[in-house]
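Visitor:
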Amino acid sequence: MKNILLVSFVLLLSPLNVFSIEPDEILSNSKLENRARNLSKGIRCLVCQNQSIDDSDSELAKDLRKIIRIKIVEGKKDKEINDFLVEKYGNFILMKPPFYSETFLLWSSPFIIVFIGFIIIFFSLKKTRPEN
């Protein structure tokens with residue numbers, strides 16, 4: 037019984053030991069490290085696609101985190117780093133793509149779908165209402 041409890045406890049705590057950022061990636065300056073983490077949270081992992089590189093364990097995410105930290109140490113601004121990554125990988129790499137004419141449909145589609153849903157509900161309720 038004790039063994040089962042011990043194994044259960046170890047398995048319960050094991051996810052707490054999983055970190056995507058490795059110790060050799062962390063910058064010694066805490067302000068720069070916070071900046072790197074914030075930038076990493078806004079960059080999409082191209083392997084995982086629904087995760088930021090801050091959360092991903094893929095090799096590409098590790099490489100991108102290192103590139104971001106190198107650029108920060110070189111003195112680059114956040115916009116310069118984002119522009120570099122967008123130039124290399126396109127707007128898809130951003131977790132929140134910018135609002136351009138080509139992304140208009142992406143940003144407006146939720147509102148269009150909700151509007152169409154309201155129209156469908158309105159007309160279906162209008163048809164089912166008995167006339168007096």
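Mapped onto this note's numbering, the consecutive letters of the sequence shown carry residue numbers 37 to 168.
No residue lacks a Cβ here, since even glycine has one placed at the ideal position from N, Cα and C.
#1: Rounded to the nearest angstrom, what separates E95 and T139 at their Cα positions?
#2: Three-state secondary structure (DSSP) at L33?
#3: What residues in its chain sit with their C-beta under 8 Å from that of K112, if we drop five residues either side in the sequence?
#4: Is there contact here, the segment 67–80 with the segment 98–114, by at least three beta-carbon pairs under 8 Å?
#5: Alpha carbon to alpha carbon, what distance is there between F159 and K98?
#6: Please classify I152: does DSSP put it in a helix, a strand, or coil?
#7: Does the Cβ-Cβ distance between K162 and G78 come in under 8 Å?
Guide: For this structure:
#1: 29 Å
#2: Residue 33 is absent from the model: the chain starts at 37 and stops at 168.
#3: F120
#4: yes
#5: 52 Å
#6: helix
#7: no
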